[in-house]
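*Asks:* Questions regarding the structure given below will be posed in turn.
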Ligand code: R5P
C-alpha cells in the first residue's frame, strides 16, 4: 500500500497544454469502447491501417481439405507471418500454440457442412470466446439464402449484442450461395446488411467490376477472402486491386496455404497489403525464386 505520510501535492498540471483527443485509425469505429479498439488495434496495423489475416477455419465445413490435413505441419509455420489468425476453437485448442500471442478471429458460428446444406448455423457461447481470448468473433451471414438468411442475420445480431458486453468486436462474413452472383451489387448489399446490423468488420469477396462501390457503401473496414486457389501472381493482383479499391486487408486461406511456397506467398501478400508493393515486384521478390 502506498505510504500516506508525506503525500506531496501535485504541481505539474500541464496548464496551457490541452489534453489530446485522439481519433481512431479505422473507418467508422471511432465511437467504440476501449476494449474493442484495443482488440482491433492488435489485428490491424496502425501504420498501414491494414491486416493480413490467415484463414484456416475451412475444416468446419469441409473437413481436412488440401493444405489443412495437418495444421501443425502446414499452418503453424505460417502463423508468425500473419497479423491475425482465423480458425475454429477446436483447432485453436488442439494445434495452435498459445505462445504465438496472435490475435484470434474466432469462427463463432457453425452448423451444416458442404455435404448437406450450407449456412444452417448457430453461434457459440461468449464465455468460450472470452476463455480463448478471442479478438474478433466471425459469424457467417447468408443474405439472399431463402432458407437461412433470417437465422444467420439473427446470429450476427446476437453476436454483436453479446460481444459488445465483453468488448469483443464482430466480423460479418458474407456467404455466397451457389445461386447467388458475386457481383458488386450483391456484395455491397450483403456487406452493408452486416454493417447495418452492427458488424465492426466485414469479410467479403473481391469482384473485378465496381468493387469500390462495395468498399464505399460499407461504413466499416472490409477484408477480402481469397476464395479458390489461383496462380500466385493472380492472387497477388487480386489483393493489390482490393487494397487500392478500399479494402482494409485480406483474410486469406487457400491462396496462401495451397501455394507452392506458402511462406514466400504470405510474405508477398504482406508486401502488397502493408507496403503497397506492385504484385509483379512482390512476386519477383518472394515467389519466382522460391
Ligand atoms: C470459409 O470456410 C472460411 O470462412 C474461410 O475463412 C474463407 O473462405 C477464407 O478463406 P479462402 O481465402 O480460402 O477463401
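In my numbering, the protein residues as written are 1 to 290. Ideal Cβ positions, reconstructed from N, Cα and C, are used throughout, including at glycine. Since the structure is predicted, the reported quantities are computational estimates derived from the model, not experimental observations.
#1: Helix, strand or coil: how does DSSP classify residue 121 here?
#2: By how many angstroms is the C-alpha of residue 19 removed from the C-alpha of residue 46?
#3: So, does the stretch 71-89 touch the stretch 99-111, judging by three or more C-beta pairs under 8 Å?
#4: With H, G and I counted as helix, E and B as strand and the rest as coil, what does DSSP make of residue 259?
#5: Confirm, please, whether the CB-CB distance from residue 53 to residue 251 is below 8 Å.
#6: Beta-carbon within less than 6 Å of residue 144's beta-carbon, same chain only, minus the 5 sequence neighbours each way: which residues are those?
#7: Hey, is the stretch 67-78 in contact with the stretch 245-263, meaning 3+ C-beta pairs nearer than 8 Å?
#8: At what residues does the beta strand (DSSP E) containing residue 249 begin and finish?
#9: Quick test of your reading: residue 254 and residue 233, contact by CB under 8 Å. State the CB separation rounded to the nearest angstrom.
#10: Mind checking residue 215: buried by the 16 CB within 10 Å criterion, or exposed?
#11: Look up residue 84 in the DSSP assignment and say whether it is helix, strand or coil.
#12: DSSP three-state call for residue 89: helix, strand or coil?
#13: Nearest CA to the CA of residue 167: which residue from 200, 21, 188 and 235?
#14: DSSP state of residue 203, grouped into three classes?
#15: Identify which residue in 64, 125 and 129 has its Cα closest to the Cα of residue 113.
#16: Tell me which residues share the same chain as residue 238 and place their Cβ nearer than 6 Å to its Cβ, disregarding the 5 neighbours each side in the sequence.
#17: Along the chain, where does the beta strand (DSSP E) containing residue 48 start, and where does it finish?
#18: Do residue 243 and residue 50 come within 8 Å of each other at the CB atom, strictly closer than that value?
#19: Rounded to whole angstroms, what is the Cα-Cα separation between residue 111 and residue 142?
#20: Find the nearest neighbour of residue 210 within the set 258, 187 and 203, judged by alpha-carbon distance.
#21: Beta-carbon separation of residue 57 and residue 107 under 8 Å?
#22: In the DSSP assignment, find the beta strand (DSSP E) that holds residue 126 and state where it starts and stops.
#23: Where does residue 223 fall in DSSP's three states?
#24: Taking residue 289 as the reference, give the member of 275, 268, 95 and 272 with the closest Cα.
#25: One question on the structure: do residue 87 and residue 43 come within less than 8 Å of each other, judged by their Cβ atoms?
#26: Cβ of residue 248 versus every heavy atom of the ligand R5P: is any distance shorter than 7 Å?
#27: Per DSSP, what kind of secondary structure is residue 136 in: helix, strand or coil?
*Replies:* In brief:
#1: If you number the chain shown from 1, residue 121 lands on position 121. If DSSP states are grouped into helix, strand and coil, residue 121 belongs with the strands.
#2: The residue labelled residue 46 in the question sits at position 46 within the chain shown. The residue labelled residue 19 in the question sits at position 19 within the chain shown. Near 21 Å, if we compare the C-alpha coordinates of residue 19 and residue 46.
#3: yes
#4: By one-based count along the chain shown, residue 259 stands at place 259. Reduced to three states, the DSSP call for residue 259 is coil.
#5: Start at 1 with the first residue of the chain shown, and residue 251 comes out as number 251. Start at 1 with the first residue of the chain shown, and residue 53 comes out as number 53. Contact: yes.
#6: Taking the first residue of the chain shown as position 1, residue 144 is located at position 144. Contacts found: 180.
#7: yes
#8: Here residue 249 refers to the residue found at position 249 of the chain shown. Residues 249-252.
#9: What you label residue 254 is simply residue 254 of the chain shown in a count that begins at 1. What you label residue 233 is simply residue 233 of the chain shown in a count that begins at 1. At roughly 15 Å, the Cβ-Cβ gap does not stay under 8 Å, so residue 254 and residue 233 are not in contact.
#10: Along the chain shown, read from residue 1 onward, the residue named residue 215 stands at position 215. It is buried - the Cβ of residue 215 has at least 16 other Cβ atoms within 10 Å.
#11: Here residue 84 refers to the residue found at position 84 of the chain shown. Note: residue 84 maps to strand in three-state DSSP.
#12: Along the chain shown, one-based indexing puts residue 89 at 89. In the structure shown, residue 89 sits in a helix (DSSP, three-state: H, G or I).
#13: Counted from its first residue, the chain shown places residue 167 at position 167. Of the candidates 200, 21, 188 and 235, the one whose C-alpha sits nearest the C-alpha of residue 167 is 200.
#14: Sequence index remark: in the chain shown, residue 203 carries index 203 (1-based). In this structure, residue 203 counts as strand in the three-state DSSP scheme.
#15: Translated into the one-based positions of the chain shown, residue 113 becomes position 113. For the residues 64, 125 and 129, the minimum Cα distance to residue 113 belongs to 64.
#16: Residue 238 sits at position 238 when you count from the first residue of the chain shown. 206, listed in sequence order.
#17: Within the chain shown, numbered from 1, the residue matching residue 48 stands at position 48. Premise fails: residue 48 is in no beta strand (DSSP E) and is neither H nor E.
#18: Here the question's residue 50 lines up with position 50 in the chain shown. Here the question's residue 243 lines up with position 243 in the chain shown. Result yes, Cβ atoms of residue 50 and residue 243 sit closer than 8 Å.
#19: As a working mapping, residue 111 is identified with position 111 in the chain shown. As a working mapping, residue 142 is identified with position 142 in the chain shown. Going by the C-alpha atoms only, they are around 13 Å apart.
#20: Reading the chain shown from its first residue, position 210 is the one you call residue 210. Per the Cα distances, 187.
#21: To locate residue 57, count along the chain shown from 1; it is residue 57. To locate residue 107, count along the chain shown from 1; it is residue 107. Contact: yes.
#22: As a working mapping, residue 126 is identified with position 126 in the chain shown. Careful: residue 126 lies outside any beta strand (DSSP E), inside the alpha helix (DSSP H) at 126-131.
#23: Counted from its first residue, the chain shown places residue 223 at position 223. Here residue 223 sits in strand by DSSP.
#24: As a first step, residue 289 must be located in the chain shown, where it is residue number 289. Out of 275, 268, 95 and 272, 268 has the C-alpha closest to the C-alpha of residue 289.
#25: Start at 1 with the first residue of the chain shown, and residue 87 comes out as number 87. Start at 1 with the first residue of the chain shown, and residue 43 comes out as number 43. Going by C-beta atoms, residue 87 is not nearer than 8 Å to residue 43.
#26: On the chain shown, residue 248 is found 248 positions in, with the first residue counted as 1. Not under cutoff, so the answer is no.
#27: Residue numbering aside, residue 136 sits at position 136 when the chain shown is read from its first letter. Reduced to three states, the DSSP call for residue 136 is strand.
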